[in-house]
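Enquirer:
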Amino acid sequence: MLFCPNYASDTYPILRDSKRFAIHLLSADQTAEAYAFAGKGKDKAKGVEWHLSELGNPLLANATAIIECELWREYDGGDHAIIVGAVQNLVLPAEPVTPMVYHKGKLGALPPLG
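Numbering (this note's numbering), first residue to last: 19 to 132.
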């Protein structure tokens, strides 16, 4: 898995130093979580339901899927780090949930086709 956090973000040092992370695919009902983690500040999980996994990653409740990774490589990407993780675990919900998408400037469920 690859993602690119900004070096100036509050979470980049935590990601770099912990050597592990979890990528969450949020459900359509998790817009509050999406906006909380997109904002600035160190206490992004305040008021968000989560628990620690066996690998030590914080996992959000009600996600569509969670991919737990170990830091494999980090590359310089200008003002962003390029983080590559080796997948260690995949967490799926017991019951399928509708995934979140970003469409026409809004977060939520995919609009009906047609």
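From the three backbone atoms N, C-alpha and C, an ideal C-beta is built for every residue, glycine too. The model shown is predicted, which means the values in this text are computed figures rather than measured ones.
Leaving out five residues before and five after V115 in sequence, what residues of the same chain have Cβ atoms less than 6 Å from its Cβ?
Expert: So the list reads S45 and T82, once near-sequence residues are dropped.
Enquirer: Name the DSSP bridge partner or partners of S45?
Expert: P117, per the DSSP bridge assignment.
Enquirer: With DSSP as the reference, label D94 as helix, strand or coil.
Expert: Correct three-state label for D94: strand.
Enquirer: Among N24, S27 and I100, which residue has its Cα nearest to the Cα of E92?
Expert: Closest option to E92, Cα to Cα, is I100.
Enquirer: Let's test the definition: count the other Cβ atoms within 10 Å of the Cβ of N75 and tell me whether it reaches 16, buried, or not, exposed.
Expert: Flag for N75 reads buried.
Enquirer: My understanding is that R34 touches L73, with C-beta atoms under 8 Å, so please give their C-beta distance in whole angstroms.
Expert: Incorrect: roughly 17 Å between the Cβ atoms, too far for contact.
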